Each structure stands twice: as structure tokens, then as C-alpha cells.
Amino acid sequence: MNFDFSDDLKQLRDQSRRFLTERCTPAVVRRSLDGEEAYAAGLWREIADMGWIGAAIPEEFGGAGLGYEGLCVLAEEMGRAVAPVPFASSAYLAAEAILTAGSDAQRREYLPKLADGSAIGCFALSEGNGNPEPGTIHARVVGGRLSGVKWPVADGGIADIAVVVACDEHRQPGLFVADLAGVRRRDLRTLDPTRNQARLDFDGLPVQALGSGGWGSVQRVLDRAAILFAFEQVGGADACLQMAREYAQERFAFGRPIGSFQAIKHKLADMYVALELARSNAYYGAWALGADATDLPLAAATARVSATEAFHLASKENIQTHGGIGFTWAVDCHLFYRRSKQLGLAIGSAPFWKDRLVDLLETRNAA
Amino acid sequence: MDFNDTSEEAVFRAEARAFLAANAELKAGARPVLRQSGVDAEAVKRCRAWQAKKDDAGFAGLTWPKRFGGREASPILQVIYNQEEDDFVVPRGLYEIGLGMCIPTMMTYATPEQLDRYVRPALRGEEVWCQLFSEPAGGSDLAALRTRAERDGDDWVINGQKIWTSGAHLSDFGIIVVRTDPNVPKHEGLTFFFLDMKSPGIEIRPIHQMSGARHFNEVFFTDVRVPDSQRLGAVGQGWKVSLTTLMNERLAVGDVQRPEVDDLVELSRKVRINGKPAIRNGAVREKIAEWHARSQGLKFTRFRTMTALSKGETPGPENSIHKLVNASKLQDIASYGLDLMGAGGLVVDDDLAEAYAMFQAALLSSPSSRIAGGSDEILRNIIAERVLGLPSDIRADKGKPFNQVPTGRR
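Which chain is which? The protein sequence lines are A and B, in order.
For reference, each letter of the first sequence is one residue, going 1 to 367 in the numbering used here.
For reference, each letter of the second sequence is one residue, going 368 to 777 in the numbering used here.
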């Protein structure tokens, strides 16, 4: 039994945590919150130079070849730092889609640019309200040209490359890839301004199909991304628990630290329990990604459900533990509360993944 | 990451598996092995025979010193043995407390002569031990216990009452913590002994539980004499000795209680809501997903603990998570399963009840899981204070002589 990250990866975790604590300060996150910049471009450059974006991209396509466990470790730290960069869009979604569904030529064309950060990728899936399912996809590719409207697209306003979910000429949804130069786009006001979200209007943009895997290839991207999102959520939940813990030790009321009250202790214990369960489920996901295990879809749904619940609980109860000050713009609690919702709504929300989890459980039990 | 045993672990697992396969029956199909509601004379015989077999094969005291018939093995091998044993039907319920808590405490505090006398018969299953800690006035607040011991020559004389003592009526010996000085603060006036459960003045009465079972006892002490040579630790150090006992609680491994999530999935396929199998209902699916995530989360948390054990680390208070999550999940799944059955869920008759009546049985037994061995509330305190480092609660009894601490009417 060796159900833990290797010493090398633990070192990577420590290094990345130190780096982000220093460089991705709340002041940096707040520049995006206050609309001063769409994303932390300087930080993004540094992250790219350290090879993080291409952590799981094989070296032959310009990546660092650290493997999926390495990317999972980094994802957790990105979540902890509420990093205002397009890491998820480029690394977990666009690069993964091209890597898993694209041809060798497409991989050679796009992955090196994504890995070194010279191009930003996004994943254009949603068309307004609703969770990811074939019936919600109206964007269409006819004669190699894409038409339709996608919103919200995470990092769509800053991306150079998009992987788009659209229907082909036979109205079968699948994956396509395109350069976004010249596409009409508009940044959207959202619950979490620390991440760019945009509406993309496609009107005959030339695109290439990414394989011919249909909805199965879309779901595969979502499953794999769900595990990486779960690590970000775990990182965010951990940060909330630590914030709440420190505050509960230092804040006095009725002549004693509020952390000495059982009402606060039990709240924090519940946050800890949710976090640990989520972390353990995410670890199993990391293993499944690395091993490309057959039960990866169930592992992913489980990790996603667990992590969404843990981050939501931790981010709201962190505000509650802080009391009135936690509700102010100045204190960082709301950065996590916003990010928790952003991550929770991306790539399908909790009801979608719970339903999928039970589908997969039924299939497994029937086998 | 991998889930593989080291070569030493793999060899041991195969050895354990072969022993179990040769001597016990595999758990069959869906029928749950329900927790025994009490150990009767027949069950005692079965437990005894099984324990002797385990001892013969060297699986009884894996982590114990070789001079007592142990193997001095690493705790991970104990976990592996438990995992394997969990696949088989083996008699349980008689020796867990003695071997898991009492004898390990003896090993820390008893004399070499006493160990020579008591350890082997316990490991062999010839002598049964119980643990006399809880009292009517001391449950979660164990140190508030009131049973007195007073010095009389070379003996101590015990008067008072213990409660929730598992297996007291089957036990030959017990470990007990009592108050020897009520004039000092509560933790400082306690002393620890072991005693013969057949001593004159001990009266044992079974407690009829809400589930119908009679697993626990009340034990009354009237002028029970215990020689000072059976004191474990110094006079007034009983609290410290008690903590040794509690730290020796067996590692939470296996012991999956039914119904589990898969039982609920199975049930949801059979019963119907609005003409469709309940599993097609969104509300039902949401519950199943949440419990599955919790269940898997615990399983993989256990794998993380095993990894730490395997590297020679000692698991700490973070292990409280297992019982805290499991007990409530069991109660909630049981209750929800019955809701799905509707009125039929009331019936526990074997020939009519769904799924061997395991949902009904768990509904009635699960409240005790949330209390016994550290209540949900105490476990949350442990996580908050010992894992997260939050300050301890302000106590009304702190520093007060025990006999001046306020008491209520219950």
C-alpha cells in the first residue's frame, strides 16, 4: 500500500506552495477582483516558465512530463492560492482534450504552445444555463466552419485557442479545436471576477475536428478534468479551514477564544471531516488518472461530488466563523466563497455529477 | 501511488489467507453477518476454539512480544490480517476488549511475574477480560467517576458502580479505574487496578438495550477487596494509566456495518416510487451519491492511514473520523431505506422483511454506535482540539477538589 504522493511530488508541493504564497498574494488576486487585469499575466509567465502548465504533457509535445500526480499536486496549490490565472482552462481542459482526442499533428501544433504558456487555451462547452449533455449543444460545424454562441466560457476573453463542443453535420456533438483570432467576444460580469469569463460568438470560424469520438470524447475530458478540479477544490477548502482555525484561535468573545466554544469546534471539525473525505477521494482520482484505470469515471464523479461539497461547506462556514468581518470586501473570505461557486458550476455542477455517479454505480453493480 | 503490498506484506497476506481459508467459512452473498446481540454459552465455546486456533497458528498476538507467543510484527500486518479475516465468518465479541485494551495496559504497568501469569491465558482465550471505566456519573466526562477505593492494610476496598461493561458476566478479570482521593481535582484522585471478577461483593446485571440486545452490564461493588499488588501505576496516577488503555483502541479497519450503500442501491431497484424503481427518482439518486462519496472517502482515508503505518508512522487522533462518519451514515442509510419501503419497513419478521431485516436492525442498533467508544460530540472535540489545535473548553470543575464539583440530578 503506497497511497500517498512520492517524496519528489511532496517537494514539488512545498515549493509550489511557497512560490504561490509569495507571488500569488491576496493583493494579486484582488487586482483581478477589482477589474484591474483580466488575469495575473506576470504570475502566468512565471508559472509557465516553471513548467507547471505542461506538467502532465509528455516531453515530446513540449511538456514537463511530470505525470498526472504532479498536475494534481499543482492543482491543489492553485486552489489554495485562489490563483487568478487560466490554469484549469489551459491545462486540465484544452491541453487534455487535445492530448486525449487529437491527432498527432494536432498535438504537435497546439500542445507546445499551451505548455510554454505562449498560448492560452479555453474549453467552450456551455450555452447558457444547464449542465453538460448532448441536448444542450446547438453550436454547429458545417463544412469545417463553426457557428453558434458559447457562454460562459472560462478564460474565453483571454484565450488564443479554444476547444469547442459543437455538433457536426450529422448533429452529433463532439470536440473541435480552433484559433480564436478575430472571434467576437465579450467579457461577462460574474460571481467570481477573479477568473475571466466570456461570451464567444462564432460565425463561420474555421475549426478542425478533434478525433471522431463524439460525446464520449467530451465526457472523457470532463471526467479527467473533474479529478483536477477536485484537487483545486480541496486546496481551496483547506485554505478556508486554516483561515477559520487561525481566526478562532485569535478572536476573543465573552473573555475567551471563540475556538474554545463547542459551537465553533464542531463546525470546524465538520469542515475537517468533509475536507479529509474529499482529499482521500481526490487521491484515488489521482491514482486513476495516472493508471488510466477502468473505474476512472466513477472515481472522478466521486471525487467531484466530495470536493464540491467540501469547498462549499468550508467557504461558507469560514465566513460564519469570522462573523461580521467575514462579510466585508476587505477580508479574503469572499474570494474563496466566490471561487467555490465558480469551480462548483464549471464542467457540470453537483446534481449533474451525482446523477452520473449513480449511473456509473448501476453499471458497475450490473456487471 | 499504488495499492500493492510490499513483498513482506504480500507473503504475510497469503499466509493469513491460507490459514483463514483452511479454518473458516467465506462470508456468503448478501446475507449480512449481524453484530452478535450477546454471547451465549455456545458462542463462548466457538470463540474459545477459534482463539486457540489463531494462537496455534501465530495470528493471535501479531504485534506482541515473542515471549508471549507474539510475532513482534509491524502494525500494518495486523491491519492486513484484519482485512483478510473480514472476508470470513469468524466468531467475535469475546476477546476484543481484553486483548485490545486490558492486556496492552498490563504490559505497560504490571510486574514481569504478573505478565507471566496473565498474558498467555488471555491470548490463548482461556481467560476473558473486561474494562470497568464508565459510570453513571462518568461517561463522556470519564474522570468524573465516583466509585471509591479505600486503603485497608495490604488491600484496597472498592465500593460503587460501573456501567456499560461489555462482557462483564463472561469475564475472569477486569481492569478498573476508581477514586482514591476525593479531596483533590478530579484527574488527580484516581488509581488503577486489575481484579478478579469472581471476587466476593461483585454483582453483575445485564442492561436491556433499546435494540433488544443485552450486550452491556452494570457492575456493582460492595466492599470488594483488591490487593495493593494489583495496582497498575502509582496511587493518584489512574488517569494517566487510563489514557494508555484508550490509546490502545484497536485500529479501525474493516468492520463495514450493513446496510452499506450497495444495499441501498439494491433496495432502490426493488421498491418503487410513482410506478418506477426508486433508483430512477432524483431525490433517491442524490442521497445514494452522497453516501457513496462518504463511504469511499472513508475507505481511501483508511488506505492513507495504512500507508502511514506501512512507513512506520503512528496514526493519531485524526483516526476519530472513521467512527464519526460511519455511525451517522449507518443510522441515516437505515432510516432512508425504511422510508423507501414505506409501511412494509415496519415489519421485522424474517419471512416478510426486505434484506434480512438489516435496515430495521441497524435503525435500532445505530444510536449506540454514535455514543459508544466516544460520542459524536466527543469525537468532534478531539478533532477540534487535538487535530486542529483549538483551545480546550473552559471547565467549571477545573482545579476544584472533586468533592466540591457541582453535580446535577442525573
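Beta carbons: idealized from backbone N, C-alpha and C, even for Gly.
On a predicted model such as this, the values are computed, not experimentally measured, just so you know.
Short of 7 Å from the beta carbon of A:Lys316, and not among the five residues preceding or following it, lie these beta carbons of its own chain, in chain order: Tyr337. Counting along the chain, the unbroken alpha helix (DSSP H) around A:Trp287 starts and ends at 262-291. A straight-line Cα-Cα distance of about 14 Å links B:Ser759 and A:Phe252. A distance below 9 Å separates the beta carbons of B:Leu665 and A:Leu277.
Excluding sequence positions up to five before and after A:Glu76, its CB lies within less than 6 Å of the CB of Phe231, Val234, Gly235, all in the same chain and listed in chain order. Contacts with chain B (Cβ-Cβ distance below 7 Å) from the segment 246-274 of chain A involve Ala248, Gln249, Arg256, Pro257, Gly259, Ser260, Gln262, Lys265, His266, Leu268, Ala269, Tyr272, Val273, listed in chain order. Around the beta-carbon of B:Ala645, 16 or more other beta-carbon atoms lie within 10 Å, marking it buried.
Taking a cut-off of 8 Å on C-beta distances, the segment 704-720 of chain B does not touch the segment 675-694 of chain B, as fewer than three cross pairs fall below it.
A direct Cα-to-Cα measurement between A:Ala181 and A:Ser118 gives close to 14 Å.
Taking the CA atoms as reference points, A:Asp203 sits about 19 Å from A:Leu210. Contacts with chain A at 9 Å (Cβ-Cβ) include B:Ala675. The Cβ atoms of A:Gly121 and A:Pro173 lie no closer than 9 Å to each other. Proximity to A:Val141 across A:Phe3, A:Val177, A:Cys240 peaks at A:Val177, based on C-alpha coordinates. Ranked by Cα distance from A:Ala115, the options A:Phe123, A:Ala95, A:Thr100 are led by A:Ala95. Taking 9 Å as the threshold, the shortest C-beta distance from B:Val608 to chain A does not fall below it. In the three-state scheme derived from DSSP, where H, G and I count as helix and E and B as strand, B:Trp531 is classed as coil. For A:Leu188, the closest of A:Ala166, A:Val163, A:Ile158 by C-alpha to C-alpha distance is A:Ile158. Using a Cβ-Cβ distance cut-off of 8 Å, the segment 281-301 of chain A and the segment 345-363 of chain A are in contact, since at least three pairs of beta carbons, one from each stretch, lie closer than that value. Annotation: B:Gly506 to A:Gly51 spans about 56 Å, alpha carbon to alpha carbon. Around the beta-carbon of B:Ser596, fewer than 16 other beta-carbon atoms lie within 10 Å, marking it exposed. Interface residue (Cβ-Cβ distance to chain B less than 9 Å): A:Gly65 is not classified as such. With a 10 Å radius around the Cβ and a threshold of 16 neighbouring Cβ atoms, B:Leu610 comes out exposed. At least one CB atom of chain A sits nearer than 9 Å to the CB of B:Phe370. A distance below 9 Å separates the beta carbons of B:Val586 and B:Lys529. Look at the segment 441-524 of chain B and you find these whole runs of beta strand (DSSP E), each 3 residues long or longer: 496-499, 515-519. Residue pairing for B:Phe587: DSSP places it in a beta bridge opposite B:Gln528, B:Glu570. Contact check for B:Ala504 against B:Thr774 passes: the beta carbons are separated by less than 9 Å. Annotation: B:Glu555 to B:Arg753 spans about 22 Å, alpha carbon to alpha carbon. Minimum Cα-Cα distance from B:His582 among the listed residues B:Pro573, B:Ala656, B:Leu466 corresponds to B:Pro573. In chain order, Glu127, Gly130 place their CB closer than 7 Å to the CB of A:Thr136, counting only its own chain and leaving out the 5 sequence neighbours on each side.
DSSP places B:Leu599 within a strand segment (E or B) once states are collapsed to three. Between A:Arg279 and A:Phe3, the alpha-carbon positions lie close to 12 Å from each other. The Cβ of A:Leu241 sits closer than 9 Å to at least one Cβ of chain B. At a C-beta separation below 9 Å, A:Gly135 has no neighbours in chain B, since its nearest C-beta there lies roughly 17 Å away.
Chain-ordered, the chain B residues with CB closer than 9 Å to the CB of A:Gly290 read Met368. Taking 7 Å as the Cβ-Cβ cut-off, the segment 666-690 of chain B approaches chain A at Phe667, Thr668, Phe670, Arg671, Met673, Thr674, Ser677, Ile688, given in chain order.
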